[in-house]
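Only one structure is covered here, and it is reproduced in the block below.
2 protein chains.
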Amino acid sequence: MLCYRWETRHSVAVLGLLLVLVTTGRAHSDTGDVLPSWNDGPTRTAVIDFVTAASKVGDAGYIAPEARVAVFDMDGTLMTEKPLPGAVLPLVADVKTAVARHPELKQQPGVAALLAGDLKGLQALGESGLAQIVAAAVDDRTADEVSVDMAREERAAPNPHFGQPYTKLAYRPMVELLRYLEANGFQTWICSGSPVAYTRGMSQEVFGIPPERVIGSSLQTRFGERDGKTVLTYTGKIEHVTDREGKPPVIHLAIGRRPVFVGGNVGGVGDVAMMRYAMDRGGPSFALLVNHDDAAREFAYAEKNGDSLAAATRYHFRVVSMKNDWKTVFDPSVNPRPSAP
Amino acid sequence: MLCYRWETRHSVAVLGLLLVLVTTGRAHSDTGDVLPSWNDGPTRTAVIDFVTAASKVGDAGYIAPEARVAVFDMDGTLMTEKPLPGAVLPLVADVKTAVARHPELKQQPGVAALLAGDLKGLQALGESGLAQIVAAAVDDRTADEVSVDMAREERAAPNPHFGQPYTKLAYRPMVELLRYLEANGFQTWICSGSPVAYTRGMSQEVFGIPPERVIGSSLQTRFGERDGKTVLTYTGKIEHVTDREGKPPVIHLAIGRRPVFVGGNVGGVGDVAMMRYAMDRGGPSFALLVNHDDAAREFAYAEKNGDSLAAATRYHFRVVSMKNDWKTVFDPSVNPRPSAP
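What follows is the structure, encoded as structure tokens:
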């Protein structure tokens, strides 16, 4: 009898271990251990309720695993985009080199503003002005060279407000959200207006998202040979600017289906189209709009006409207040020291 | 003592079970249980040697997991492309409907050949002619409608030689190769000249590859509204034809790195550029060229000038003889009955 009991207890222990192994990484229940950088409140609860239902067979909110596609804007949604989007400052030296070879590049408004150090001009650029800067920076260079150089340069150029490289300025609550979605079977993607030649240099390290799940503005490359080996060379031309109404077609081309979870931010009305596109899929969906209302820890800004917040009301996006919904904004190990209070 | 022994034996059994659970789906050793539809011989051995080395830390052929990207052409590489590529015949009715609305479509050579039932004309079309047919078939329709209709139509239209839909005409040895690569940590992709609006209708069911890992020629869509809901509508315009020198730029845009394993076929010289692109990556790589030399079980055809086979010799692609390397070509459950001997 003693033998039997020992054996049984042992089996129970091992079965318990197996269960732990099998359930690790599966759905979390709504306890304090998920999304720890989010304050308790209706936003965090709504996210957890949606994700929990999506993973639960038989629930009205259940979503088949192959449909669990989550797409996020990058600048302003996953990381700081002020005073300038990340793609601008690391490229100053490359753009200067390119302009020395091709002086006509100076006529592009983005390139001209960058060379003049015209902060206001740079801030007024749309995504196509940003794409001009990146296109100039990579002009005539091979895709292999650029991917190595870009990753290094991104880690060197600090954000002028925080004195930290942009690679340190990811929003911690959003990185937690990416991991929480993945742990529940969602495939996470970035869809940014910034060109992928830039965004892919840091997507894996900063957001844990590999290059093939990063979409964005695209710069033309041409197949050819150098020293008998095949290379792709950037031609300096922009193929596609991925902003506003340009985001859903690029998402469709890359992924082939509508997202069920989508994240964007207030600031440039860049994400409303893709958020509506997800919400209209005909099934459970969730759209999360980051509102920059936190001048103390990051920045406070919005569109003058309030378009994104109006769209949130009209189309049932969930608004995230950085100030109220986020316990911390950046990773505490980063310790950003704003140069202005 | 007896107690102790029982407990120990029990633990050993459970540990064994755990090991089985942990190792299932990991690297296979070179035994008869992998690639069962391939004949033993130098081609099968070369594939297994490459994949085994790629998964083995410390081996000269080791490849980091994040670099294990495998890209395959579709028509003629993963499935039959004769007497016509799969994208042509299912679309006859849709193209007729589109031409009734937009008679000017008839002026496109692909559309004209299809409507005239001109087999030779259709066979002579390049990838851009094929893309014209698909673009006409989807013109003015929404992306959501097309993805449902296309999948249905593909399953209905038989290949005229085999009397089976193309969805049944995948090469079994190649499907086994896809699964073998995935079991060893490779990410598998399709890069086809056929438009993704067509290829994604069957990629999951036929090849086990989800839509987001299918790249190919692209047709323009435009974001808009119908009945107050957002939709993407095909404009009838072709954005990009993914063939020959057009394949590496599209692979770069979608994946962001060079493949390490690549498959193509003899017939239209469509895959040499992407195969060279993989072989030049600067690290272990493997290029597999399917040679259609099997008139009895499928077809025997090649380029008149022998360009693909010449490239295979020059750039060290491995040539697959369908006749000698493949034990079976199609799934035996399909039982294709060629209409001609």
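Residue numbers (my numbering), protein chains in the order written: chain A, 1277 to 1617; chain B, 1277 to 1617. We put the CB at the ideal spot given by N, CA and C, even for glycine. Note that the structure is a prediction, hence the values are computed from the model and not measured.
State the DSSP-derived secondary structure class of residue i, mapped to helix, strand or coil.
i: P1487 of chain A; result: helix
i: P1359 of chain A; result: coil
i: R1498 of chain B; result: strand
i: D1370 of chain A; result: helix
i: L1508 of chain B; result: strand
i: A1446 of chain A; result: strand
i: K1332 of chain B; result: coil
i: F1462 of chain B; result: coil
i: F1326 of chain A; result: helix
i: G1393 of chain B; result: coil
i: A1412 of chain B; result: helix
i: D1351 of chain B; result: strand
i: V1387 of chain B; result: helix
i: S1346 of chain A; result: Residue identity check: residue 1346 of chain A is Ala in the sequence provided, not Ser. Strand, per DSSP.
i: P1379 of chain A; result: helix
i: G1439 of chain A; result: coil
i: T1518 of chain A; result: coil
i: S1423 of chain B; result: helix
i: G1492 of chain B; result: strand
i: G1469 of chain B; result: strand
i: P1318 of chain B; result: helix
i: P1434 of chain A; result: strand
Within the 8 Å Cβ cut-off, does residue i reach chain D?
i: F1326 of chain A; result: Looking for chain D here will not work: the only protein chains present are A and B.
Rounded to whole angstroms, what is the Cα-Cα separation between residue i and residue j?
i: T1319 of chain A; j: R1594 of chain A; result: 7 Å
i: R1627 of chain B; j: F1462 of chain A; result: Here chain B comprises residues numbered 1277 to 1617, so residue 1627 of chain B is not present and cannot be evaluated.
i: D1225 of chain A; j: G1477 of chain A; result: The shown model of chain A, from 1277 to 1617, leaves out residue 1225 of chain A, and the question about it has no answer.
i: L1495 of chain A; j: Q1384 of chain A; result: 15 Å
i: N1315 of chain A; j: D1607 of chain A; result: 15 Å
i: A1459 of chain A; j: S1313 of chain A; result: 17 Å
i: L1453 of chain B; j: G1386 of chain A; result: 48 Å
i: Y1447 of chain B; j: Y1577 of chain B; result: 16 Å
i: L1406 of chain A; j: I1466 of chain A; result: 17 Å
i: K1396 of chain B; j: D1420 of chain B; result: 33 Å
i: M1550 of chain A; j: T1589 of chain A; result: 16 Å
i: L1390 of chain B; j: A1376 of chain B; result: 14 Å
i: D1636 of chain A; j: V1545 of chain A; result: Residue 1636 of chain A is absent from the model: chain A starts at 1277 and stops at 1617.
i: G1619 of chain B; j: I1324 of chain A; result: Lying outside 1277 to 1617, the shown extent of chain B, residue 1619 of chain B is not represented and no answer is given.
i: A1303 of chain B; j: P1449 of chain B; result: Low confidence applies here, because A1303 of chain B scores a pLDDT of 45, under 50, leaving its location unreliable; read the following figure in that light. Each residue's alpha carbon lies about 18 Å from the other.
i: R1502 of chain B; j: A1322 of chain B; result: 54 Å
i: Q1408 of chain B; j: Y1338 of chain B; result: 43 Å
i: R1557 of chain B; j: P1379 of chain A; result: 33 Å
i: P1486 of chain B; j: P1560 of chain A; result: 21 Å
i: A1563 of chain A; j: L1401 of chain B; result: 44 Å
i: G1469 of chain A; j: G1540 of chain A; result: 11 Å
i: D1519 of chain B; j: P1525 of chain A; result: 22 Å
i: E1574 of chain A; j: E1481 of chain A; result: 22 Å
i: G1301 of chain B; j: F1326 of chain B; result: Here G1301 of chain B scores only 41 on pLDDT, less than 50, and its place in the model should not be relied on; the value that follows carries that caveat. So the two alpha carbons sit approximately 18 Å from each other.
i: E1403 of chain B; j: V1472 of chain B; result: 12 Å
Inset, instruction - Give, in chain order, every residue of the segment 1354 to 1384 of chain A whose Cβ lies closer than 7 Å to some Cβ of chain B. - result: none
Legend entry - alpha helix (DSSP H) segments (min. 4 residues) lying fully within the segment 1525 to 1610 of chain B: 1548 to 1555, 1583 to 1591 and 1598 to 1601
Inset, instruction - Determine contact between the segment 1428 to 1446 of chain B and the segment 1344 to 1360 of chain B, defined as no fewer than three beta-carbon pairs at a distance below 8 Å. - result: yes
Legend entry - chain B contacts made by the segment 1512 to 1542 of chain A, where a contact means CB separation under 7 Å: E1521, P1524, P1525, H1528, L1529, A1530, I1531, G1532 and R1533
Inset, instruction - Residues of the segment 1547 to 1572 of chain B with a CB closer than 7 Å to any CB of chain A: list them in chain order, please. - result: A1549, R1552, Y1553 and D1556
Legend entry - Stretch-stretch touch, CB-based, cutoff 8 Å, three pairs: the segment 1512 to 1524 of chain A with the segment 1559 to 1571 of chain A: no
Inset, instruction - Anything in the segment 1418 to 1429 of chain B with a Cβ closer than 9 Å to a Cβ of chain A? List those residues in chain order, please. - result: A1419, D1420 and S1423
Legend entry - Interfacial residues, the segment 1460 to 1480 of chain A to chain B, with Cβ spacing under 8 Å: Q1463, V1472, R1476 and Q1480
Inset, instruction - Give the residues from the segment 1586 to 1598 of chain B that approach chain A closer than 7 Å (Cβ to any Cβ), ordered along the chain. - result: none
Inset, instruction - Decide yes or no for the touch test of the segment 1336 to 1351 of chain A against the segment 1526 to 1543 of chain A: beta carbon pairs closer than 8 Å, at least 3 of them. - result: yes
Legend entry - Cβ pair count under 8 Å reaching 3, the segment 1498 to 1513 of chain B against the segment 1411 to 1426 of chain B: yes
Inset, instruction - Quick one: which residues of the segment 1331 to 1345 of chain B get their C-beta closer than 9 Å to a C-beta of chain A? List them in chain order. - result: E1342 and V1345
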